[in-house]
Every structure is written in C-alpha cells, then in structure tokens.
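Student:
Protein chains in written order, with this note's numbering: chain A, 1 to 317; chain B, 1001 to 1317; chain C, 2001 to 2317.
#1: Terminal residues of the continuous alpha helix (DSSP H) containing residue 68(A)?
#2: Determine which residues share a DSSP beta bridge with residue 1123(B) and list them.
#3: Determine contact between the region 2152-2166 of chain C and the region 2040-2050 of chain C, defined as no fewer than three beta-carbon pairs at a distance below 8 Å.
#4: Checking 8 Å against the spacing of the C-beta atoms, do residue 1223(B) and residue 1145(B) come in under that value?
#5: Residue 1224(B) by DSSP, collapsed to three states: which one?
#6: Hey, could you find the ends of the beta strand (DSSP E) residue 179(A) is sitting in?
#7: What residue range is occupied by the uninterrupted beta strand (DSSP E) comprising residue 1284(B)?
#8: Which of the three DSSP states is assigned to residue 44(A) in this structure?
#9: Using three-state DSSP, classify residue 1011(B) as helix, strand or coil.
#10: Would you say residue 1084(B) faces chain A, with C-beta separation under 8 Å as the test?
#11: For residue 1280(B), return the contacting residues in chain C, with the cut-off set at a CB-CB distance below 7 Å.
#12: First and last residue of the beta strand (DSSP E) that includes residue 1152(B)?
#13: Using a C-beta to C-beta distance shorter than 8 Å, which residues of chain A count as neighbours of residue 1042(B)?
#14: With which residues is residue 258(A) paired in a DSSP beta bridge?
#15: Please confirm whether any heavy atom of the ligand ATP lies closer than 7 Å to the CB of residue 2262(C).
#16: Do you know whose CA, among 73(A), 183(A) and 249(A), lies nearest residue 206(A)'s CA?
#17: Work out the CA separation of residue 2128(C) and residue 2166(C) for me, nearest whole Å.
#18: Kindly indicate which residue of 1175(B), 1106(B) and 1110(B) has the alpha-carbon position closest to the one of residue 1331(B).
#19: With a threshold of 8 Å between beta-carbons, can residue 1224(B) be considered close to chain A, or not?
#20: Report all residues from its chain with a CB closer than 7 Å to the CB of residue 1307(B); omit the five preceding and five following residues, and keep chain order.
#21: For a cutoff of 8 Å on Cβ pairs, would you count residue 2092(C) as touching chain B?
#22: Listing by chain order, which chain B residues have their CB less than 7 Å from the CB of residue 2072(C)?
#23: Measuring CA to CA, which of 1179(B), 1282(B), 1250(B) and 1208(B) is closest to residue 1200(B)?
#24: Buried or exposed for residue 1170(B), going by 16 or more other Cβ atoms inside 10 Å?
#25: Counting only Cβ-Cβ distances shorter than 8 Å, please list the residues of the region 1247-1266 of chain B near chain C, keeping chain order.
#26: Mind checking the region 92-125 of chain A against chain C and listing, in chain order, the residues whose C-beta falls within less than 7 Å of any C-beta there?
#27: So, with DSSP's three-state summary, where would you put residue 1117(B)?
#28: Check the DSSP bridge columns for residue 1205(B) and list the partner residues they point to.
#29: Note the first and the last residue of the continuous alpha helix (DSSP H) segment covering residue 241(A).
#30: According to DSSP, residue 1006(B) sits in a beta bridge with which residue or residues?
#31: I think residue 294(A) touches residue 20(A), with their Cβ atoms under 8 Å apart; what is that distance to the nearest whole Å?
#32: What residue from 2098(C), 2130(C) and 2120(C) has the CA that sits closest to residue 2107(C)'s CA?
#33: Report yes or no: do three or more beta-carbon pairs, one from the region 2262-2274 of chain C and one from the region 80-89 of chain A, lie closer than 8 Å?
#34: So, using beta-carbon positions, are residue 1121(B) and residue 1136(B) closer together than 8 Å?
#35: To the nearest angstrom, report how far apart residue 1299(B) and residue 1038(B) are at their CA atoms.
#36: Is DSSP giving residue 1305(B) helix, strand or coil here?
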C-alpha cells in the first residue's frame, strides 16, 4: 500500500511535486472527504530536536486524516540519552507505527533511518540538510497565489545557513521561475548551492539591496537573520535593519506581491505588513495542514481503489 | 457554528453560568451521548506554563467528545524560545486547530490572543489573572452538593495571591451567597478584590480564625498557603499550622459541610479528612471533565440542529 | 467490566500468563478485529521517570484498540514538583481516565497507587521492583519461537540490578524451563532472587562464561552491563568486553538459538548479529504492541458479551 519515503525535496520531480500539490488542493477544498481516510493507522513523531510548528502541523494533519499519533517526547527523556543508536531507535519504533516523521540534528539522519526501516520515513529536518515538507508547503502557497510558471521570486535574508532557502531554490528550478537572491555579502548563498542552481540552467541573480528588484517580484520570501551569525552585535543590528521590511518598504512593490516567511519571525517583517494584502506568511503556515495531509495520504497509499501505486522520487537507497 | 471565547469568569452572567452547568449535568448523566459529538475537530493545548491537572483534564474532556488534541509541548522546546511573539504563535496555531486552550504566565495573554485569532480561545490561567474553567467546576461542585442559593461559603488560606479565589468570589456574587474569608492578616483579600465584591452588594465578611464561622458554613473552600510568601520560614510554619484542618477540626462543623480545594494540596488538609463525608476535593477535580466537556461543547457549537446560536458573556474585544 | 490491576509478574499464575499470551496471539493474527474494541475509553500515561519505548508502546497499543490516551508529561512540569503526594495525583487522574499506566522511581509505587484508585493500574516499572508487561512480552517472544516447555534459557549480563531479569526468571518458574545465569562474579543474581528461585524448585545454574553453556541454549537473553556499576572504568571495559556477543560468538550456538535483549543496547550485542536469524530483539520490542493490547483488553473487560469476567492473579491488596 505505502509508496516510499520522503527524504529530500531536491529529488522530487516536477510531476512528483504537482501530484502532491494537486492532492493538497483537493484536501483543502473538501477536508471532510479525508476525515477518516486512514483510521486505524498510527504515525510516530520522532523529534530529536525541538519543534513547535512542524510537529504540531504534522500532528494535526495526521489527525485530520483519522491517523493516531505517538510522540517520542524530548530527547532528554528518551533512550537516546542511554546511548542507543538512531538505527536501533527507529527499528524499534517502526514496530509501533505505520510511518515515521523524523527530525534530527545530524544531516543525513533521515537517509540513514530510511535504510533501516520498512515503513515510510518523512524527513522533517536533518540539521543543515533538508526539510522537504516545508518546501512543498512553500510551493503550494506560491502556486495558489501565482501559479508556478513565468514567475519572479525574491529570496532575502540569511541565504548562507537557511536550509529552507536552499531547498526551495532547488525545487523552484523545476519550474519557469526567475530567482533573485538578496542578502548582505556575508550571508550570500553558499558556493555549492549557487553552483547546483547554475547547473540546472536556472535564471539566478544576486543582489545586496532589495530596492534593485522589488518592483519585479511576484513573491518575496523573507528569512530571519540570526544574531548568532555575527561576531559583533552592532554589525548584526546594522545588517538586520537593512533587510527588515515594513508597509512603507512595500509601497514600491507590485500590488500583487506575495510576502512569505517560514516563521518564526522576530523583527524582519514589521507588524504593519500583517494588515496588508501582501502578507501571506500565516496562510503559508496554515498550508502545512493540507500539504502534509496530502503527503501522508500519498505515502500511506491514499490512491483510489484500483489505481496503480504512485511512487515519489525520493531516492532512499 | 462556534460562539465565542472564554477569557474570564467575571464576565459570565448568572444565565451563562447556569447554561454551562446545566449542560455539564447532562454530560455527567449521559456521557455516552456526547462521545462522538465533535469528531473531526482538533483542539490545541497551548500551555506556556507547566500544568498537569488542567492540561490533562482538558485533554480528557476533549477526547470524551471525540475531539483530537495537539499539544504545544514545553515552552523550552518551542518557537517561543526563538523570540516569537504570542500573537504570531497563536495565529499560526489557529490554522491547525478548531479551538485553543491557552495558559500563559502573563495576565491579559488570553485577551490578547483572542484579539488575533478567529477560533474560540479558552483561558486556562493567565498569570495572576483569571482561570474561568476552574471557577465553573468549583461552582458545579457547590451546586451539585448544595445548590447555589441561600448558601454560606467560607474561603480560607492564601486569599491575597490566589487567582482561583478571586475568580470564585466574583462568580458567587451572581447568586444568593454569604461569603466568609478566613486568612492571616498578611494574606487578606487584596483591597481591589474586596472593593469589587462590595460594589456588587455581596454579603462579605473577613475572619482570622476558622472557629468563628465554621458552624455556619455549607462549604469550606481551602487553598494552599505557599512557603515562598513568607520571608521567615518559622513564621510560615506557624501560620500554615493555624490554617490546617483535620477530622478533629471538622467535628464542630455541620454534618453537611462540603470541603473543597483546587489541589494540589500539601499539608493544609490532613489525610484523615479524606475518609469523611465532608471531603469533596477529588469529586471537584473530577468535575473538570463534565464541566470542560460542556464548555467545549458550547464554544464549538453543540446546540441541537436548528437552535439559535447561544453566546457567552465573555467580552474579548 | 474491568478486572483488576497488573502490579507484578511474580503473582501471575501459569493460567493468567497463558490467557494473556493467547489473546496476544489472537491480536497479532487479526489486529483489525480489535481496532475499535475500546472506543470511547481513555488511558492515562503517568511516567514519573523518563521512558521512550514503554510509553510509546503502551500509547500505540491503546490507540490500536481505539483507546485515547492522556499523558502526564514530564515530572518537572507537573504538580508533583509542587509537593503533591502520589496518592493525591493518582486519585485526581483516575477521574479523567478509565485506566492508568504508572512508572515511578520508587519500588512499591504501583501497589500504593492501586490501593487508592478504582480504575485498573498497570505497573510500567517501579524502581528496582517490577515491570510485568515487559515480562509478558518476553514470554510471548519465547513462546512464539520455542514454546514454553522443555526449554533451556540463558540470561546474561547484569543480573544483580536488572528488574527485567528478576521478573523474567520468576515468571519462567511457571514453566518447564532450565535457567542458566551468566555474569561476572560482581553482578550475580542477588541472594534473595536465587533463594526464591530455588524455593520454587526451579532448575537453576550459574556461570561466569557463556561458552560453558552456549550450545545447550534455546534462548539467550542479554542485558546491558552499566558503566556506573563499576568504580573503575578499566574494570568496566574488561568485564563488558567479556560479555559482549557477536556473530562469531554465535557460531558455536545451536542454529535455532534465539537472542533477546530488552533494549536499549549499547555495545553488548554487535551489529553483525542483527543480520543473523538468531536476532529476535526487534521482534521482541515489537511484541510489546500485541501483548499490551491483550493486557489492556483483558483489564478493560474485553471478554465476549455474556462471558464471565476473568480475573488476573495480581494481588494488589
């Protein structure tokens, strides 16, 4: 019945992505039709790192499909603190559940877990690695507001460390999207990410100032600049201030500009933006529900009776 | 479908209170009739402060109505520790759930949350502020044992800091109840609370010794005197000892006296009281289930098909 | 409807054990038949000590029977930290739930809890005391692989402190089993446990080296030797190394030898054993689901309509 794991967004083809987003659209249109679709199924939430929104979002998505969840709880309270290996932990838990959602501080953790278990594994963040369900809900938000072709997207803030950004940028190369990256010099996209984007033939440009491209953008995706990246606090405040947007900043933007943010935000989007039609970051967070429902439904075999099983492109060798 | 928020007990009218307590009585009489009444609904438990009994009680009440719950978990593990504002947190979570239960260390937190979200918010304690579902279960316990009119209630212990006490005292002014407050001088009701009670025309008297009024009481509501309120530990032990009751103390009371306590207790009620007919504090705790079921049912629109929507008096502007 | 508590494995008769294991076998054969058997029931998970696998296993087992669960959460966040007694805590929680699973650092905690509450209490570990559901799943694993009679079982590792070992050894005396205990001198079975085993007429022998008995064994039950038991770390490494098994060690064993471990393991079983047919420790962990489903089903009155209530031997006076 089940299809596969979801380990990384970069391995999803355009068809894979559109299949999940089409289903998310169906879920959003008629959630009641999905209410008991997976009754009798158990999903294990294994968060080796703290998480509020991702964990609650998967939890709610599961329950809205009739799936029960069991939660590993804090790592401090777990067998992990007794020295158990990740491979052992997931091999035990797969006996309790029909699928696993895994967040882990180490890059590659989800890949490793998928090698050891037979139930579907969903990567909910592995260190500086991937967070594919975030990417899918980002894409869904863009698609529902603008479609995914002939589009200009700006991505601003900390482009060096943000896994959300790297993952989204890679996924966007599947579509006809011009990508503009806006950041201070010190927080530019890593060389390897830039290289990979160029390899795909993506239309990519980098800027230090938002003003340069603001009026061309359909979507502005803002990320948080973290204080701990700066040795000098004054330098942090200067930089953070330059990449902060408010309602006034957006006066120069197209009326249809969609502002997104993976949240939590601290200061990078002023509260007065919340009241403008540009603000789509809460809608984006809420899209976690239909997108994760669609994802769980796909991985747990939610096809119509008689359909062929679909497979997702995630390579989990 | 939904009605409103529940932020404070002081804004509930006599009719509001009686409507919830009538429904709680129905729930208690026939819980099976409510078992699947809200299937497909999700309740978010957002406890920014630790809680065992309130959280578990809401969790169980929800599940006994067929409601699924999602839990924010500890604040240490949450986005809050990344500096997210309460307004942002609740605006994200409202996309996951059909109602929110909120406990927060800051007075006014629930009022603020209710301004930002559209789903019902239930205040489960906001600092030194309100805890209205506790008041409703206190009232239900009194009502089921004695009715709510022509009644003499004594409230004893820490009357200065206890939000439970202030809330209960205010709610009792809706009924024909004589209130006696028994405490050491240093832990008397705050001036503002006394003033508000007098404003309503309530029959209120204060005492330093339980003996003075014990034989007049229908209900004795005991609260814990906290060690940390006393700079001197000897002084604490002297005072706490004077306001401790045991089976012998209660020999002078009316046979029908009901002893209540919001729990947890430490030493203020001796274990030998547990075996007397006076002891109603475990019954009181258990009343959390039907009362919170009635409350959730009301807020989520549990009226019979065709009925007019009822509204609760909570002003959450 | 409900039957009783489950406090200790040592008080279960052979008939009690076989009744639960027969039901576990039925559950494993046809889990769907049990999927909604206890819908509308609530189980409270009260873990006063951290636990991953036991808590998740009970949680999943409950949900696979249609039982909802409520979780006490961490003790730090609970009323316990306000000085509430265990008796008060469980008396409050019994009003929220139809049964309690209790883990507590103090030996005898479950016995005490069972004296104060009317709903079934399941002991999920009380300090150095008992952990009967672990014993039942151990027995189920042995039974499904070899049956429970005319059997030779070796138990190796830390035999002094392991409650799992003491409980299993006692339970095995109900069956025709030869027991071999393999450990360093310093971690031998406690005198009192040896005495109790001899009293039952059990066939018991002790060894310092696995080689002595390996080829006679049907089952080898390995437990972890904990570093903290040794004042000297070198001594720990020497001893732990001697009682570590790998695929090469097992070359001398019978082809049908079943290797078990209560998990988590650290180093005592090498990963290369995982790929042999001997390895049954993940299967053993997974058996927690049908066994705990059978146990919950029994305690919550899962008999066919019209049947007499069965009782379990657990003496919880």
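C-beta atoms are modelled at their ideal positions from N, C-alpha and C, and glycine is treated no differently. These numbers come from a predicted model, not from an experiment.
Tutor: This is what the structure holds:
#1: Taken as a continuous stretch (DSSP letters only), residue 68(A) belongs to no alpha helix (DSSP H), being part of the beta strand (DSSP E) at 68-71.
#2: 1102(B)
#3: no
#4: no
#5: coil
#6: 177-182
#7: Here residue 1284(B) belongs to no beta strand (DSSP E); instead the alpha helix (DSSP H) covers 1281-1286.
#8: strand
#9: helix
#10: yes
#11: Result: empty, since nearest Cβ-Cβ is about 12 Å, beyond 7 Å.
#12: 1151-1156
#13: 60, 63 and 64
#14: 219(A)
#15: Absent from the structure shown: the ligand ATP. Ligands present: none.
#16: 183(A)
#17: 10 Å
#18: Residue 1331(B) is absent from the structure shown; chain B starts at 1001 and stops at 1317.
#19: no
#20: Legend: pLDDT at residue 1307(B) = 40, less than 50; position of this residue unreliable, value from coordinates given subsequently. Counting only Cβ-Cβ distances below 7 Å, and skipping sequence neighbours, we find nothing.
#21: yes
#22: 1052 and 1056
#23: 1179(B)
#24: buried
#25: 1263, 1264, 1265 and 1266
#26: 92, 93, 95, 96 and 97
#27: coil
#28: 1180(B)
#29: 233-242
#30: 1122(B)
#31: 5 Å
#32: 2130(C)
#33: yes
#34: no
#35: 11 Å
#36: With a pLDDT of 38 at residue 1305(B), under the threshold of 50, the modelled position of that residue is not reliable, and the figure given next carries that caveat. Here residue 1305(B) sits in coil by DSSP.
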